[in-house]
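59 is the number of the first residue of the sequence shown in our numbering; add one for each residue after it. All residues carry an ideal CB built from backbone N, CA and C; glycine is no exception.
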Amino acid sequence: MSALKIVIKGSTLLCSNGAKSLGIASKQAVWNKFILSGQTSARCLATNVDVDKKVKDVKESKIPKETKMPEPDHLEHFKPGRVDDMPEPDSLQHFKKPKESSSSAIITKTPPPGVITLPHPIWEEQQVHEVKITHTPPETIIDKMAYYNVQMLRKVFDIFSGFSFGYRNERKWLNRISFLETVAGVPGMVAAMLRHMKSLRRLQRDFGWIHTLLEEAENERMHLLTVLELKQPSMLFKLSVIASQGVFVTWFSFCYMLSPRFCHRFVGYLEEEAVKTYSKCLEDIENGSLQHWQTQRAPDVALRYWKLKEDATMKDVILAIRADEAHHRVVNHTLASMKPTQFNPYKPGQ
Ligand SMILES: [Fe+2]
Ligand SMILES: [Fe+2]
Numbered sequence: 059m060s061a062l063k064i065v066i067k068g069s070t071l072l073c074s075n076g077a078k079s080l081g082i083a084s085k086q087a088v089w090n091k092f093i094l095s096g097q098t099s100a101r102c103l104a105t106n107v108d109v110d111k112k113v114k115d116v117k118e119s120k121i122p123k124e125t126k127m128p129e130p131d132h133l134e135h136f137k138p139g140r141v142d143d144m145p146e147p148d149s150l151q152h153f154k155k156p157k158e159s160s161s162s163a164i165i166t167k168t169p170p171p172g173v174i175t176l177p178h179p180i181w182e183e184q185q186v187h188e189v190k191i192t193h194t195p196p197e198t199i200i201d202k203m204a205y206y207n208v209q210m211l212r213k214v215f216d217i218f219s220g221f222s223f224g225y226r227n228e229r230k231w232l233n234r235i236s237f238l239e240t241v242a243g244v245p246g247m248v249a250a251m252l253r254h255m256k257s258l259r260r261l262q263r264d265f266g267w268i269h270t271l272l273e274e275a276e277n278e279r280m281h282l283l284t285v286l287e288l289k290q291p292s293m294l295f296k297l298s299v300i301a302s303q304g305v306f307v308t309w310f311s312f313c314y315m316l317s318p319r320f321c322h323r324f325v326g327y328l329e330e331e332a333v334k335t336y337s338k339c340l341e342d343i344e345n346g347s348l349q350h351w352q353t354q355r356a357p358d359v360a361l362r363y364w365k366l367k368e369d370a371t372m373k374d375v376i377l378a379i380r381a382d383e384a385h386h387r388v389v390n391h392t393l394a395s396m397k398p399t400q401f402n403p404y405k406p407g408q
């Protein structure tokens with residue numbers, strides 16, 4: 059049976075059994091080796107080595123630190139380059155694979171939409187009913203340009219979506235909402251990307267705007283995914299979306315590079331119109347063509363995303379969407395009034 063040797067060097071405890079090095083070891087590791095190694099355990103336990111005492115002695119410096127200690131066996135062994143019998147990395151503690159439990163964060167099944175999302179406000183019943191139609195008067199020339207641009211687009215879109223004439227039936231509503239949401243999801247993503255790139259390019263911080271912009275973009279996309287549960291888009295609709303996205307992404311990116319203020323003010327006024335549109339939708343749910351939405355069950359994606367109650371209806375969904383739009387309205391008007399180098403006052407999910 060080989061002899062156990064404990065070497066104390068400085069505050070480090072080295073343990074070997076003569077024939078084979080056990081390496082640099084903590085107190086716990088030494089005991090683990092004693093227990094696991096059949097060859098040494100009998101001798102070690104028989105000699106009643108008091109590791110606790112050894113460690114304590116080192117800490118209290120009872121053993122002079124300057125004591126000349128012999129080179130540990132394992133170093134002597136590998137110094138000449140004899141590496142054939144080096145241990146496999148997998149057998150070493152610090153190379154071991156993580157335990158099963160630590161890999162449970164990996165998603166193996168496809169989750170339904172609305173589960174994995176960025177933080178976003180969850181509205182109380184009272185909050186969704188308190189939303190009001192408001193208007194921030196344009197002050198500067200840039201504000202006025204943004205305002206009149208939105209007014210012009212609104213008029214064109216009212217004609218395009220059939221809202222300027224005829225009866226507003228469910229088909230018109232679903233077409234209008236789903237098309238608008240494909241556009242509404244663009245500004246936040248474009249602005250976030252451009253700020254991200256600027257931060258990388260100039261080696262400067264972003265001042266905390268990116269997360270708010272990304273949350274807005276995702277929120278608009280969730281509006282779209284919710285409405286698509288009620289409507290299957292036609293080929294003409296899909297082509298219109300592709301065309302409008304090509305134009306709007308190009309135009310908005312160009313505008314954002316020139317004037318972030320114009321773009322956030324533009325989105326602020328766009329959101330003012332969105333609140334008007336969803337307020338009108340709620341009127342039609344109360345007294346118009348959408349009265350069945352008072353009882354029609356909300357899509358599952360909406361229940362998950364807004365954490366609505368199990369028996370929520372489409373009316374509850376529209377109330378939540380309108381509250382989101384009112385939130386975008388105030389956020390974008392706030393960002394438009396700030397310098398791009400001022401810190402974003404909105405925390406994630408607020
Ligand atoms: Fe929206
Ligand atoms: Fe919005």
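Query                                                                                                           : Result
Nearest-angstrom Cα separation, counted from Phe401 out to Lys365                                               : 30 Å
Glu239: CB within 6 Å of a non-hydrogen atom of ligand 2                                                        : no
Burial state of Arg229, where buried means 16 or more other Cβ atoms lie within 10 Å                            : exposed
Cross-strand partners of Arg355 (DSSP beta bridge)                                                              : Thr371
Backbone secondary structure at Glu197 - three-state DSSP                                                       : coil
Cα-Cα separation, Ile165 to Gly172                                                                              : 15 Å
Pairwise C-alpha distance: Ala250 and Leu340                                                                    : 31 Å
Closest residue to Arg253 among Ser302, Pro318, Glu383 and Lys405 (Cα-Cα distance)                              : Pro318
Straight-line gap, His322 to Gly346 (C-alpha atoms, nearest Å)                                                  : 34 Å
Ala242 beta carbon near ligand 1 (any heavy atom closer than 6 Å)                                               : yes
Own chain partners of Glu183 with C-beta closer than 6 Å, once the 5 adjacent residues on each side are dropped : none
Proximity test, Glu278 beta-carbon vs ligand 1 heavy atom, cut-off 6 Å                                          : yes
Alpha-carbon to alpha-carbon, Leu377 and Gly191                                                                 : Going by the sequence as given, residue 191 is Ile instead of Gly. Spanning the two alpha carbons is a distance of roughly 13 Å.
Cβ-heavy atom distance, His281 to ligand 3, below 6 Å                                                           : Ligand 3 is not part of this structure, which contains only ligand 1 and ligand 2.
Closest Cα partner of Val285 within the set Thr194, Thr175 and Pro357                                           : Pro357
Selected residue, minimal CA-CA separation from Leu297, among Lys373, Ala381 and Thr240                         : Thr240
His178 Cβ short of 6 Å to ligand 2 heavy atom set                                                               : no
His386 CB to nearest heavy atom of ligand 2 below 6 Å                                                           : yes
Boundaries of the alpha helix (DSSP H) in which His322 is found, first to last residue                          : Pro318 to Asn345
Anticipated Cβ contact below 8 Å, Ser236 with Pro291, distance rounded                                          : 7 Å
With 16 other Cβ atoms within 10 Å as the buried cut-off, status of Arg234                                      : buried
Reference Phe310; option with closest CA among Thr194, Pro245, Trp231 and Leu232                                : Pro245
As assigned by DSSP and simplified to three states, the class of Pro245                                         : helix
Contact between the region 265-281 and the region 369-389 (3+ Cβ pairs under 8 Å)                               : yes
The region 193-210 in contact with the region 326-337 per 3-pair CB rule at 8 Å                                 : yes
Where Glu344 falls, given that 16 or more other Cβ within 10 Å makes a residue buried                           : exposed
Any non-hydrogen atom of ligand 2 closer than 6 Å to Ala204 Cβ                                                  : no
Closer than 6 Å: Glu273 CB and nearest ligand 2 heavy atom                                                      : no
Selected residue, minimal CA-CA separation from Ala332, among Val189, Leu316 and Leu283                         : Val189
Opening and closing residue of the alpha helix (DSSP H) in which Leu272 lies                                    : Ile268 to Val285
Gln352 beta carbon less than 7 Å from that of Lys334                                                            : no
Three-state class that DSSP yields for Gln10 in the structure shown                                             : Nothing can be reported for residue 10: it is not among the residues displayed for the chain, which extend from 59 to 408.
Exposure of Gly243, with buried meaning 16 or more beta-carbon neighbours within 10 Å                           : buried
7 Å Cβ shell around Val375 - same chain, five flanking residues per side excluded                               : Thr284, Ala356 and Ala360
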